[in-house]
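See below for the structure under consideration.
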Amino acid sequence: MNQKLGIIGAPITIAQPNMGVDLGPDAIRHADLVERLKNLKITINDYGNVSVPMTGTNQIDPETSLKNLNEVSQGNENIAEKVKEIKSKGDFPLILGGDHSIAIGTIAGLHHHYQNMGVIWYDAHPDLNTGQISPSGNIHGMSLAASIGIGHDRLINLGGKGPKVDPKNVVIIGARSIDEGEKEIIRENGIKVFTMHDIDRLGMDYVMKNSIEYLEEQTDGVHLSLDVDGIDPAHTPGTGTPVEGGPSYRETRYAMQLLHESDLLTSVEVVEVNPLLDNQNKTAEVAVDMLTTLFGEKYL
C-alpha cells in the first residue's frame, strides 16, 4: 500500500435516524489513529473534516420516497471533490465516516482515477435499497445501489454521470440482514456475496483469499468500505444498526491482515461509528485496530 495517507472526515449523519454518527471521525482520531499509523512509518496528511449539511427534515419525500435527498447529495458532492483531490495528490485516501451514505461520495471521487474499480463491502447489510423498496427512506441503506447505478438519478449521477462501479466488481462480506428487494438486485446483477452462513461454512481465510483473487483478476484498483456493524456488535456496540451473529474481532482482524498482505487496496473508508451509542469509545478503538492492521501493524 501507498505509505502516504490522506485522511478526511466525512461526518454525514442525516442519511440515517441516529444522532451522533457525525462525531465518528473525531472519535476515531481520538482513539490514537494517527499516532499508531505514524509508528508504522506512514506519512500522514490529515485534511480535517469535509463540510456537509448537518440538518434535514427527516421526513420521507412523497415524490422520491427518500429522506434528506438534497442535503445528503450536497454532502456527498463535497466528499467526492475532496477524495478526488487527495487521490490526485498521490495520497492513499482514508475516509472516516459518518454514516454509510458517504460511500456514494467516496466512490464517486475515486472512480475518476480507475477504468475498472472494485469494491469490498464489509457490512451486515448490502445497502442495495432504493426509494422504491426501502421501508425507511434512509439513504445510508442505498449507497452501494447508487454506486452501481440503481436508484435515484441524483445519487447515481453524483460526481459524474452514470454508475461508478460494475456490479461484478463488488464483493460483499459478512451480510446477514438482506431485504427481499436487495436479494433480487443481487441475483439480477451477479454480485458476489459471502453471507455469514458462507463465513461459518467456509471460514474467513477462504472467503478473503477468494475475494482477493477474484478482484485481482479484473480490477485496476480496489476500495474497502468497512462498516463497523459488519463486525459482531459484541465488539462494536456504538453503531446505529447492529445485527447479531457477525464476524468476531479476531476474524475481522485476520481479514484485514490478509488484505494488507495482498497489497490489493487503493483506498479505505470506515463508517457508522456512533460515540453517543458507544461504551467508552470502544467501537472507535476497534475501528482503529482494524485500520492499523490493514496498514501493517502486527502483534510482534
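Here the sequence shown is numbered in this note's numbering, starting from -15 and rising by one per residue.
Note that beta-carbon positions come from the ideal geometry of N, C-alpha and C, so glycine has one too.
Please read these numbers as outputs of a predicted model, since none were measured by experiment.
Please work out which residues of its chain come closer than 8 Å, Cβ to Cβ, to residue i, disregarding the five sequence neighbours upstream and downstream, and give them in chain order.
| i | result |
| --- | --- |
| Ser131 | Ala87, Ile88, Ile91, Ala92, Val103, Pro147, Lys148, Val149 |
| Ser49 | Gly115, Gln116, Ser118, Gly121 |
| Glu207 | According to the sequence as given, residue 207 is His; it is not Glu. So the list reads Thr90, Ile91, Leu94, Met101, Gly102, Val103, Ile104, Leu249, Thr250, Ser251, Val252, Glu253, once near-sequence residues are dropped. |
By how many angstroms is the C-alpha of residue j removed from the C-alpha of residue i?
| i | j | result |
| --- | --- | --- |
| Ser127 | Lys282 | 32 Å |
| Asp262 | Tyr238 | 24 Å |
| Asn23 | Met101 | 30 Å |
| Asp75 | Leu284 | 28 Å |
| Val67 | Ile79 | 8 Å |
| Asp83 | Val272 | 17 Å |
| Gly4 | Pro259 | 6 Å |
| Asn141 | Asn60 | 11 Å |
| Trp105 | Ile12 | 20 Å |
| Gly309 | Thr236 | Since the first residue shown for the chain is -15 and the last is 284, residue 309 is missing from the structure and cannot be characterised. |
| Ser85 | Ile157 | 18 Å |
| Thr41 | Glu55 | 10 Å |
| Ile175 | Asp107 | 14 Å |
| Gly144 | His96 | 9 Å |
| Leu278 | Met188 | 15 Å |
So, under 8 Å CB-CB, residue i and residue j are touching, yes? Tell me the CB distance rounded to an integer number of Å.
| i | j | result |
| --- | --- | --- |
| Val212 | Val254 | 7 Å |
| Thr223 | Thr179 | Incorrect: roughly 19 Å between the Cβ atoms, too far for contact. |
| Gly214 | Gly230 | 6 Å |
Where does residue i sit, in a helix, a strand or coil, going by DSSP?
| i | result |
| --- | --- |
| Asn29 | strand |
| Ser120 | coil |
| Tyr233 | helix |
| Val34 | coil |
| Leu80 | strand |
| Ala92 | helix |
| Ala271 | helix |
| Gly102 | strand |
| Leu(-11) | strand |
| Ala285 | One cannot answer for residue 285 here, as it falls past the ends of the chain, which runs -15 to 284. |
Which same chain residues, not among the five before or five after residue i, have their C-beta less than 6 Å away from its C-beta?
| i | result |
| --- | --- |
| His109 | Ser161 |
| Glu269 | Ala15 |
| Ser285 | Examination of residue 285 is not possible in this model, given that the chain is present from -15 through 284 alone. |
| Lys71 | Pro77, His97 |
First and last residue of the beta strand (DSSP E) that includes residue i?
| i | result |
| --- | --- |
| Gly251 | At residue 251 the sequence reads Ser, which differs from the Gly that was named. Start and end: 249 to 255. |
| Thr179 | 176 to 179 |
| Asp211 | 206 to 211 |
| Ile157 | 154 to 159 |
Let's see if you can read the secondary structure: which residues bound the alpha helix (DSSP H) around residue i?
| i | result |
| --- | --- |
| Lys68 | 53 to 72 |
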